[in-house]
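Asker: Right, I'll just put the structure down here and ask away after.
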Amino acid sequence: MREERQEALSRHGLTETQDGFELTAEGFLKASRRALGLRRQDDQEAIRILALPSDDPLRWEYCRCIQIEAYTDEVHRSGF
1 MREERQEALS
11 RHGLTETQDG
21 FELTAEGFLK
31 ASRRALGLRR
41 QDDQEAIRIL
51 ALPSDDPLRW
61 EYCRCIQIEA
71 YTDEVHRSGF
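Here the UniProt record's numbering is used: the first residue of the sequence shown is 1, the next is one more, and so on.
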């Protein structure tokens, strides 16, 4: 079960630390692609965030949250 969890974290570009989840560069790219899809659906938050430079801490935090949400959804669906 631990191995499945680690694989899911890796798929979503996340690492787990004592303070919670950290986003990897790969996770940032995956989340940015997801945000582009949300922007195409006229999601106002995604529109605002994607207007920020890629090195803006707020954009990184938004992307981290997107990936945590995707990871959590996968964990709940798979039950591991």
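Positions of the beta carbon are idealized from the N, C-alpha and C atoms, including for glycine.
Alpha carbon to alpha carbon, how far is Q41 from L29?
Answerer: Taking the first residue of the sequence shown as 1, we reach residue 41 at position 41. Taking the first residue of the sequence shown as 1, we reach residue 29 at position 29. Roughly 19 Å separates the two Cα atoms.
Asker: Using only CA atoms, which one of R77, C65, G79, S32 lies nearest to T15?
Answerer: Position 15 of the sequence shown, counted from the start, is the residue given in the question as residue 15. For the residues R77, C65, G79, S32, the minimum Cα distance to T15 belongs to C65.
Asker: Is T24 helix, strand or coil when you go by DSSP?
Answerer: Walking along the sequence shown from the start, residue 24 turns up at place 24. Coil, per DSSP.
Asker: Taking only runs that begin and end inside the stretch 5-72, name each unbroken alpha helix (DSSP H) of 4 or more residues, in chain order.
Answerer: Listed in chain order, the complete alpha helix (DSSP H) runs (minimum 4 residues) inside the stretch 5-72 are 25-40, 44-50.
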